[in-house]
Amino acid sequence: MLKVLVLAFFFTVAASLTDGDMELMLVQAVWRHGDRSPTKTYPTDPFQDGNWTFGGGGFGQLSPIGMRQHLILGKLLRKTYVDSGFLSKRYSSKEVRSYCT
């Protein structure tokens, strides 16, 4: 998560250092998932799949910490790109493309 925040900070600083005759044309942002629960446990682990329901989970799902990390990242991206006027306040598929693997 720290790498994501550093990357977002870099883009924020880079955007603020532009000259008056320059215009931001494209932003590419890449991040991985936030904190997750384990994908599996060892056979005698007292915490099996049924114990990982806190936060809507189950094995391999976002933990409450991971959910909070994505909320913070979303707020940072909104402040940087929407509130600055680079993106419109309403979603447009012509402005934003999203890919996941």
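For the sequence shown, the positions run -16 to -1, 1 to 85 when mature numbering (1 follows the signal peptide of the UniProt record, and there is no 0) is used. Backbone N, C-alpha and C fix where the C-beta goes; we use that ideal spot for every residue, glycine too.
Under the three-state DSSP convention, the category residue i falls into
i   : result
R74 : coil
Bounding residues of the alpha helix (DSSP H) (the contiguous stretch that carries residue i)
i   : result
M51 : 48 to 61
Residue i versus the options, residue with shortest Cα-Cα distance
i   : options            : result
H17 : L57, R81, T64, Y65 : L57
G42 : Q32, M51, R62, G50 : Q32
Cβ-Cβ distance between residue i and residue j below 8 Å
i     : j     : result
A(-9) : L60   : yes
V11   : F(-6) : yes
K73   : V66   : yes
Exposure of residue i, with buried meaning 16 or more beta-carbon neighbours within 10 Å
i   : result
Y26 : exposed
T23 : exposed
Y83 : exposed
T64 : buried
S76 : exposed
S21 : buried
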